[in-house]
Each structure stands twice: as structure tokens, then as C-alpha cells.
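Numbering of the sequence shown is given in my numbering, commencing with residue 75 and proceeding in unit increments. For each residue, glycine too, the CB sits at the ideal point set by N, CA and C. Small disclaimer: the values here were computed from a predicted structure and weren't measured. Only one structure is covered here, and it is reproduced in the block below.
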Amino acid sequence: MSLWILDTDHVSLLLVGHPQISRRVTELGSDVAITVVTVQELFNGWVVQINNAREAKDFVRLYGKFSRTITLCKRVPIKDFDQVAGDRYQQMLMEIPSLSKRRLQKDLRIVAIALSVGATVVTRNYRDFSQIPGLLLENWTQ
Numbered sequence: 075m076s077l078w079i080l081d082t083d084h085v086s087l088l089l090v091g092h093p094q095i096s097r098r099v100t101e102l103g104s105d106v107a108i109t110v111v112t113v114q115e116l117f118n119g120w121v122v123q124i125n126n127a128r129e130a131k132d133f134v135r136l137y138g139k140f141s142r143t144i145t146l147c148k149r150v151p152i153k154d155f156d157q158v159a160g161d162r163y164q165q166m167l168m169e170i171p172s173l174s175k176r177r178l179q180k181d182l183r184i185v186a187i188a189l190s191v192g193a194t195v196v197t198r199n200y201r202d203f204s205q206i207p208g209l210l211l212e213n214w215t216q
């Protein structure tokens, strides 16, 4: 059985109905997962936007999108950042110092989870992810 883990960018595109991503998720069903890191990123993003909103129409729109995000998170398996993923994360940081940039930390946690469960990461971010030996990548936007 194969497993594909969507990175946060692909989940965001799925939430707005990207046709190729939606089709692949439907085709693969329970073989598609997200990570707890992506859930954190999505929720943090919505909290900031909702807290900065001032008008009722903005709240209606933002809470609607937040609700769709929650619904997606209930339907898609969520992979945890467990001890095995934590060990992979530390190993990557030690072996590839260029990955220690702050902007890459959440992406690296997603990668660590994917490597720990033998999954392919679905991303458009080949530039950063291709530095990691043994990581399988796919881009479902093309």
C-alpha cells in the first residue's frame, strides 16, 4: 500500500477546489493523508485572519472557510509527529545544515513524518524538498 502526504500548500489548494488535486484525492481515498503540522499551519492561519477581521461579512467568509478546513481534517487521516519522526527530523538537521533555516522548519517536520511512515510528499516545493535523500516527491498541480 502506498501513502501520499499532502503538504500545507496542496491542502490549501484542495480547500479551494483545485481540480487535479481534488481528482487525485478522490481516486486515492484513504491512501492520502495530512500531518498534524499541516493542521497546525492551517489553524494558525485561520486564527490570525479571524482575529484581524473587523466586519461581519469577513467573519461569515472566514468562519465558513475555517469550517471547511475542520471538515477536511475530520475526513483525511492525520499523521502524528511521533518519536520516530522526531528522530528523523533531528537526523536531517544534523546531516544537512542548509535545512536549518527557520522558514523550512515546518516543511521539515512534514518530511520527517513522511519518511517515518514511508510516504510520498505531495508538494510544489521541489527546490527545498529535493535536498533530502530518499524522499519521494510528487506535484499534483500539473
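Since I believe residue j is in contact with residue i (beta carbons under 8 Å), could you give me their beta-carbon distance rounded to a whole number of angstroms?
i: Leu182; j: Gln205; result: With 8 Å as the limit, Leu182 and Gln205 do not qualify as a contact, their Cβ atoms being about 10 Å apart.
i: Ile79; j: Ala188; result: 5 Å
i: Val99; j: Val106; result: 5 Å
i: Gln94; j: Thr215; result: 6 Å
i: Phe140; j: Ile152; result: Between Ile152 and Phe140 the Cβ distance is about 17 Å, and since that is not below 8 Å, they are no contact.
i: Val110; j: Asp154; result: 5 Å
Report the partner residues of residue i according to the DSSP bridge assignment.
i: Thr109; result: Lys153
i: Thr194; result: Trp78
i: Leu211; result: Val195
Any heavy atom of the ligand NAD within a distance shorter than 7 Å of the CB on residue i?
i: Ile108; result: Of the ligands one can find in the structure shown there are none, so the ligand NAD has no counterpart to examine.
Please report the residue range of the alpha helix (DSSP H) in which residue i lies.
i: Val191; result: Gln179 to Val191
i: Arg201; result: Tyr200 to Phe203
i: Ser172; result: Segment: none, Ser172 is in no alpha helix (DSSP H) and carries neither H nor E.
i: Glu101; result: Pro93 to Leu102
Once the 5 residues before and after residue i are set aside, which same chain residues still bring their CB inside 6 Å of it?
i: Gln179; result: none
i: Ser190; result: Val158, Ala159 and Arg162
i: Leu88; result: Ile95
Excluding the 5 residues flanking residue i on each side, which residues of the same chain have their C-beta closer than 7 Å to its C-beta?
i: Leu102; result: Trp78
i: His92; result: Thr215
i: Ala127; result: Phe133 and Leu136
i: Thr143; result: Leu89, Leu116 and Trp120
Between which residues of its own chain and residue i is the CB-CB distance below 8 Å, once the five residues before and five after are set aside?
i: Val85; result: Ile108, Thr112, Leu116 and Leu146
i: Phe203; result: Asp181, Val185, Val195, Thr197, Leu209 and Leu211
Legend entry - Inside the segment 110–147 only - alpha helix (DSSP H) runs reaching at least 4 residues: 110–126
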